[in-house]
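**Q**
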């Protein structure tokens with residue numbers, strides 16, 4: 017396909033791998049922020065191929081993984097109410113809440129429908145006027161415009177039976193939380209290309225300067241990922257703390273101005289608890305007062321208090337790059353995609369799921385048990 | 122979750138925000154997408170679509186320019202050869 021196949025060209029990829037080897041005089045540690053990038057790196061074997069010159073830590077960019085258990089509990093509570101339909105992305109269905117997932121609640125009668133877009137939920141609300149249709153909205157700045165447009169449509173249509181349960185999160189504060197940690201090992205960031213498509217990357221200059229690390233806006237195809245790594249290594253070798261855009265076909269410095277305007281109309285920035293990482297200052301988006309009547313928590317009298325859930329899942333350590341998924345004692349034994357202890361093993365963007373799918377679980381130097 | 126795919130605009134269906142809609146072709150599969158964030162898109166333009174919403178107007182010229190640069194600069198063998206290195 018035009019402008020996809022070219023960015024998967026094996027010959028060009030091999031050439032870039034050689035350039036990366038030629039550029040590095042030592043082994044550097046980079047963090048790719050987005051879970052989509054994590055999966056791309058593992059699916060195409062880039063992490064293994066470059067293991068000797070670059071260590072790739074996997075960042076917090078999995079919105080499903082950081083959605084608090086309390087919000088999933090709210091979603092379950094609403095889905096179980098008579099006359100309600102809870103809609104959300106397929107990724108959310110198997111993520112455990114405090115004691116069960118949405119899918120498990122379905123067995124108890126929870127009314128769920130998976131949707132591809134929040135706009136589909138608005139259409140459902142129009143088609144089912146006697147049903148309260150709630151869209152469980154998760155995602156970073158990439159996804160938030162779709163929710164904002166859905167809420168704007170509901171406002172324009174004056175839909176009384178549409179609301180959103182929001183858990184939208186912002187990437188930059190999470191990057192800062194990782195960069196400022198005392199034990200931070202990250203030398204440079206590969207920033208999330210589709211988040212930057214919306215937000216732009218002007219805001220990263222401050223981060224790069226303050227924490228003395230280069231930031232390269234990176235896409236998702238193999239060539240994009242390799243170019244991002246190459247640019248970041250080149251900057252590190254030069255001692256530069258620049259911000260560079262390596263995903264130029266989609267990302268402009270100021271981002272998507274129309275999308276940002278829609279976001280600013282519908283949402284305001286707020287502190288937000290992130291599952292596994294704790295409270296992230298200014299880490300989330302909540303509905304602006306003008307649109308608060310579409311907030312499911314307000315409308316249906318749900319408790320806003322968040323309960324700390326004792327997670328056996330070590331998602332916080334995984335998402336901040338402190339441990340690799342395979343260093344978790346439960347990985348592949350008690351925790352698998354079929355029976356997950358936590359979200360990173362469930363989500364199609366979770367680092368644990370990527371390792372489970374694409375890594376060789378048996379180290380090459382060990383012989384299988386006889 | 123942040124994955125998004127490119128497709129080209131086949132025809133505009135409505136232009137009034139926040140309902141701006143166009144038919145977009147993804148490898149022969151056509152889907153109605155919301156174009157509120159790329160109101161400047163024209164028929165045949167490539168847009169990058171995520172969760173039913175076009176989040177970006179893809180700059181095809183910039184994409185081709187990057188590929189050309191990579192093929193010529195990163196590999197000295199191709200330096201100075203403007204043609205397709207696959208040929």
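Protein chains in written order, with the working numbering: chain A, 17 to 386; chain B, 122 to 208.
Glycine is no exception: its CB is placed at the ideal position from the N, C-alpha and C atoms.
Here the structure is a predicted model, which is why all the values come from computation and not from measurement.
Would you say residue 306 of chain A faces chain B, with C-beta separation under 9 Å as the test?
**A** Position 290 of the first chain, counted from the first residue, corresponds to residue 306 of chain A. No, residue 306 of chain A lies away from the interface with chain B (no Cβ there is under 9 Å from its Cβ).
**Q** Excluding the five sequence neighbours on either side, which residues of its own chain have a C-beta within less than 8 Å of the C-beta of residue 19 of chain A, listed in chain order?
**A** Here residue 19 of chain A refers to the residue found at position 3 when the first chain is read from its first residue. For residue 19 of chain A, where only same-chain residues beyond five positions count, the Cβ hits under 8 Å are 265.
**Q** With which residues is residue 288 of chain A paired in a DSSP beta bridge?
**A** Locating residue 288 of chain A in the first chain gives position 272, where the first residue counts as 1. DSSP output for residue 288 of chain A lists A/296 as bridge partner(s).
**Q** Considering only residues of the same chain and omitting the five flanking positions on each side of residue 360 of chain A, which have a CB-CB separation below 6 Å?
**A** On the first chain, position 344 is the one that residue 360 of chain A refers to. For residue 360 of chain A, where only same-chain residues beyond five positions count, the Cβ hits under 6 Å are 81, 331, 334, 366, 367, 368.
**Q** Counting only Cβ pairs nearer than 7 Å, list the residues of chain B close to residue 50 of chain A.
**A** Start at 1 with the first residue of the first chain, and residue 50 of chain A comes out as number 34. Near residue 50 of chain A (Cβ distances below 7 Å), the residues of chain B are 123.
**Q** Is residue 32 of chain A near the ligand NAD, going by C-beta to nearest heavy atom under 8 Å?
**A** With respect to small molecules bound, the structure shown includes none, and the ligand NAD cannot be examined in it.
**Q** Can you check DSSP and say which residues form a bridge with residue 432 of chain A?
**A** The question about residue 432 of chain A has no answer, for chain A in this structure spans 17 to 386.
**Q** Using the beta-carbon of each residue, which ones in chain A are nearer than 8 Å to residue 180 of chain B?
**A** Numbered from 1 along the second chain, position 59 holds the residue referred to as residue 180 of chain B. Those within 8 Å of residue 180 of chain B in chain A are 264, 265, 266.
**Q** What does the Cβ neighbour count give for residue 231 of chain A, buried or exposed, with the cut at 16 atoms within 10 Å?
**A** Position 215 of the first chain, counted from the start, is the residue given in the question as residue 231 of chain A. Buried, because 16 or more other Cβ atoms sit within 10 Å of the Cβ of residue 231 of chain A.
**Q** Quick check on the DSSP output: the alpha helix (DSSP H) that includes residue 64 of chain A runs from which residue to which?
**A** The sequence position of residue 64 of chain A within the first chain is 48, counting from 1. Here the alpha helix (DSSP H) through residue 64 of chain A covers 62–65.
**Q** Taking the alpha-carbon of residue 130 of chain B as reference, which of B/123, B/139, B/138, B/161 has the nearest alpha-carbon?
**A** By one-based count along the second chain, residue 130 of chain B stands at place 9. For the residues B/123, B/139, B/138, B/161, the minimum Cα distance to residue 130 of chain B belongs to B/161.
**Q** In three-state terms, what does DSSP make of residue 263 of chain A?
**A** Working through the first chain from its first residue, we reach residue 263 of chain A at position 247. In this structure, residue 263 of chain A counts as coil in the three-state DSSP scheme.
**Q** In this structure, what does DSSP give as the bridge partners for residue 301 of chain A?
**A** The sequence position of residue 301 of chain A within the first chain is 285, counting from 1. DSSP lists A/184, A/285 as partners of residue 301 of chain A.
**Q** Using a Cβ-Cβ cutoff of less than 6 Å, which residues in the same chain neighbour residue 215 of chain A once the five nearest sequence positions on both sides are dropped?
**A** Looking up residue 215 of chain A in the first chain gives position 199. So the list reads 157, 271, once near-sequence residues are dropped.
**Q** Output the distance between the C-alpha atoms of residue 107 of chain A and residue 182 of chain B, rounded to the nearest integer angstrom.
**A** On the first chain, position 91 is the one that residue 107 of chain A refers to. On the second chain, position 61 is the one that residue 182 of chain B refers to. Rounded to whole angstroms, residue 107 of chain A to residue 182 of chain B spans 34 Å at the Cα level.
**Q** Does DSSP put residue 354 of chain A in a helix, a strand or coil?
**A** In the first chain, counting from the first residue as 1, residue 354 of chain A sits at position 338. Residue state, collapsed to three classes: coil.
**Q** When the Cα atoms are used, what is the spatial distance from residue 387 of chain A to residue 175 of chain A?
**A** Because chain A is modelled from 17 through 386, residue 387 of chain A falls outside the range shown and cannot be assessed.
**Q** Looking at the structure shown, is residue 158 of chain A part of a helix, part of a strand, or coil, going by DSSP?
**A** Here the question's residue 158 of chain A lines up with position 142 in the first chain. Note: residue 158 of chain A maps to coil in three-state DSSP.
**Q** Are the beta-carbon atoms belonging to residue 53 of chain A and residue 249 of chain A less than 9 Å from one another?
**A** Counting from 1 along the first chain, the entry for residue 53 of chain A is found at position 37. Counting from 1 along the first chain, the entry for residue 249 of chain A is found at position 233. The answer is no: Cβ separation not under 9 Å.
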